[in-house]
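S.K.: In the numbering used here, the protein residues as written are 2 to 67. The C-beta atom is built at its ideal place from N, Cα and C for all residues, glycine as well.
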């Protein structure tokens, strides 16, 4: 049976009211974790009042090596 470990990261949106995500930085984080064996399972945004994106949270998993 495969056992998994999980990791979450949070990337903050920028801008006066939020809502701006540095996609190049996000891509670099995703690629770096991918090279380390992490697989992206889910990504979602958190909102502040007015519906503006405050953060993006990404969840990763990889098999545990026994």
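I'd like the list of long-range same chain contacts for residue 21, defined as Cβ closer than 7 Å, with 5 residues on each side in sequence excluded.
M.R.: Excluding sequence neighbours, residue 21 sits near 14, 15.
S.K.: Give me the Cβ distance between residue 40 and residue 63, rounded to the nearest whole Å; I'm assuming they're in contact under 8 Å.
M.R.: Yes, they are in contact, since the Cβ atoms of residue 40 and residue 63 sit about 6 Å apart, within 8 Å.
S.K.: Quick one: what does DSSP say residue 41 is sitting in, helix, strand or coil?
M.R.: Here residue 41 sits in strand by DSSP.
S.K.: Buried or exposed for residue 45, going by 16 or more other Cβ atoms inside 10 Å?
M.R.: That one is exposed.
S.K.: Which residues in the same chain have their Cβ closer than 6 Å to the Cβ of residue 27, if we skip the five residues on either side of it in sequence?
M.R.: The answer, listed in chain order, is 12.
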